[in-house]
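Asker: Residue numbers (this note's numbering), protein chains in the order written: chain A, 1 to 109; chain R, 1001 to 1149.
By construction, the Cβ of each residue, glycine as well, lies at the ideal position given by its N, Cα and C atoms.
Just so we're clear, the structure is a prediction, and the values are computed from it rather than from any experiment.
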């Protein structure tokens, strides 16, 4: 599903050393591999996002391994401490190998 | 409020059924969850405290249950939370998610939404950078299960 659309909320500005909250959401069915097709009775194969990472200027801030028990359209909220202006890079990795990425800049004054 | 004879029967039968089945449910799946905890901590028994789960008492829809976890830690380069494992002991597969923090996280807290198949315990196990582990459990009552279908 190429239409997986990531949405990320990062404050545009922060003061130095502030701990900010980052919210991310990506549209994805997170097919658990437990559900059966109602017509054929066959199991629908698993297809989930299994890894999420957040980097700030190349340094890893937060990562998450996801299992099928995470809801569809996985939502993640976490915090990050910012000491200087830079760019957050968010990456989602799908079971089928596709990678969804997005970036957000933050200005620290 | 008066209690009719009919209500008394209903209540008694319901309670009896609940008591009879509940232990059975929790045992089978809990074993898997315990194994997952052991694998995560490396066999050590995690201590209570420090980690706190934030879950609703009752979840109407098991498909999206908001779950938050906060770990009390200074989050400096010397002392920080390395990772937090979230488990649901009544799901077909207890693993839910693993959060990995770094000193750059500032605060060891994360929130997500999870699926719960039925009323069960949600478990959070936190591992510090020095290897010590902490655990918290919360029961979530689920009205409509979020698996299969």
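#1: Going by Cα to Cα distance, which pick from A/19, A/15, A/23, A/17 is closest to residue 9 of chain A?
#2: Per DSSP, residue 79 of chain A forms a beta bridge with which residues?
#3: Could you run through the segment 1084-1115 of chain R and flag, in chain order, every residue whose CB is less than 7 Å away from some CB of chain A?
#4: Just verifying my parser: in three-state terms, what is the DSSP assignment at residue 1022 of chain R?
#5: Applying the criterion that 16 or more other CB atoms from any shown protein chain within 10 Å of the CB defines a buried residue, is residue 1120 of chain R buried or exposed?
#6: What ranges does the beta strand (DSSP E) occupy inside the segment 1092-1149 of chain R, keeping only unbroken runs of at least 3 residues that lie completely in it?
#7: Here's the rule: buried if 16 or more other CB atoms are within 10 angstroms of the residue's CB, otherwise exposed. What is residue 109 of chain A?
#8: Measure from the C-beta of residue 1129 of chain R to each C-beta in chain A and report whether the shortest distance is under 8 Å.
#9: How is residue 1027 of chain R classed by DSSP in three states: helix, strand or coil?
#10: Just the Cα atoms here: how many angstroms apart are residue 1 of chain A and residue 78 of chain A?
#11: Below 8 Å CB to CB, which residues in the same chain sit around residue 1107 of chain R once its five sequence neighbours on both sides are set aside?
#12: Quick one: residues in its chain with C-beta nearer than 6 Å to the C-beta of residue 13 of chain A, no 5 flanking neighbours on either side, listed in chain order?
#13: Are the beta-carbon atoms belonging to residue 1068 of chain R and residue 1054 of chain R less than 8 Å from one another?
#14: Just how far apart, CA to CA, sit residue 74 of chain A and residue 26 of chain A?
#15: Could you list which residues in chain R have their beta carbon closer than 8 Å to that of residue 76 of chain A, in chain order?
#16: I'd like the span of the beta strand (DSSP E) that includes residue 1058 of chain R, first residue to last.
#17: What three-state label does DSSP hand residue 38 of chain A in the structure shown?
#18: Using the Cα positions of residue 15 of chain A and residue 98 of chain A, report the straight-line distance between them to the nearest angstrom.
#19: State the start and end residues of the unbroken beta strand (DSSP E) segment that holds residue 106 of chain A.
#20: Hey, would you say residue 67 of chain A sits closer than 8 Å to residue 1097 of chain R, going by beta carbons?
#21: Can you tell me whether residue 1079 of chain R is buried or exposed? The criterion is at least 16 other CB atoms within 10 Å of its CB, across all chains shown.
Answerer: Looking at the atomic coordinates:
#1: Translated into positions along the first chain, residue 9 of chain A becomes position 9. Of A/19, A/15, A/23, A/17, the residue nearest in Cα terms is A/23.
#2: Position 79 of the first chain, counted from the start, is the residue given in the question as residue 79 of chain A. DSSP output for residue 79 of chain A lists A/21 as bridge partner(s).
#3: 1088, 1091, 1092, 1093, 1095, 1096, 1097, 1098, 1099, 1100, 1101, 1102, 1104, 1105, 1106, 1107, 1109, 1110, 1111, 1112, 1113, 1114, 1115
#4: Within the second chain, the letter at position 22 stands for residue 1022 of chain R. In this prediction, residue 1022 of chain R scores a pLDDT of 46, lower than 50, which makes its location untrustworthy; the coordinate-derived value is nonetheless stated afterwards. Correct three-state label for residue 1022 of chain R: helix.
#5: Residue numbering aside, residue 1120 of chain R sits at position 120 when the second chain is read from its first letter. Residue 1120 of chain R comes out buried.
#6: 1095-1100, 1108-1114, 1120-1128, 1133-1144
#7: For the purposes of this step, residue 109 of chain A is taken as residue 109 along the first chain, with counting starting at 1. Classification of residue 109 of chain A: exposed, given that the 10 Å Cβ count is below 16.
#8: As a position in the second chain, residue 1129 of chain R is number 129, starting the count at 1. No, no contact with chain A.
#9: By 1-based counting over the second chain, the position of residue 1027 of chain R is 27. Low per-residue confidence applies at residue 1027 of chain R: pLDDT is 49, beneath 50, and the placement is therefore not dependable enough to give any value.
#10: Taking the first residue of the first chain as 1, we reach residue 1 of chain A at position 1. Taking the first residue of the first chain as 1, we reach residue 78 of chain A at position 78. Reliability of the predicted coordinates at residue 1 of chain A is poor, the pLDDT of 47 falling under 50, and the value obtained from them is presented with this limitation in mind. So the two alpha carbons sit approximately 26 Å from each other.
#11: Within the second chain, the letter at position 107 stands for residue 1107 of chain R. Counting only Cβ-Cβ distances below 8 Å, and skipping sequence neighbours, we find 1070, 1075.
#12: Start at 1 with the first residue of the first chain, and residue 13 of chain A comes out as number 13. Excluding sequence neighbours, residue 13 of chain A sits near 107.
#13: Taking the second chain and counting its residues from 1, one reaches residue 1068 of chain R at position 68. Taking the second chain and counting its residues from 1, one reaches residue 1054 of chain R at position 54. Against a cut-off of 8 Å, the Cβ pair of residue 1054 of chain R and residue 1068 of chain R comes out as a contact.
#14: Counting from 1 along the first chain, the entry for residue 74 of chain A is found at position 74. Counting from 1 along the first chain, the entry for residue 26 of chain A is found at position 26. The alpha-carbon atoms of residue 74 of chain A and residue 26 of chain A are separated by roughly 6 Å.
#15: The count along the first chain starts at 1 and reaches residue 76 of chain A at position 76. Here the neighbours are 1110, 1111, 1112.
#16: Here the question's residue 1058 of chain R lines up with position 58 in the second chain. Unbroken beta strand (DSSP E) run through residue 1058 of chain R: 1058-1061.
#17: To locate residue 38 of chain A, count along the first chain from 1; it is residue 38. Residue state, collapsed to three classes: coil.
#18: In the first chain, residue 15 of chain A corresponds to position 15, counting from 1. In the first chain, residue 98 of chain A corresponds to position 98, counting from 1. The alpha-carbon atoms of residue 15 of chain A and residue 98 of chain A are separated by roughly 35 Å.
#19: Locating residue 106 of chain A in the first chain gives position 106, where the first residue counts as 1. Counting along the chain, the beta strand (DSSP E) containing residue 106 of chain A begins and ends at 99-108.
#20: The sequence position of residue 67 of chain A within the first chain is 67, counting from 1. The sequence position of residue 1097 of chain R within the second chain is 97, counting from 1. Contact: yes.
#21: Along the second chain, one-based indexing puts residue 1079 of chain R at 79. Answer is exposed; the Cβ neighbour count stays below 16.
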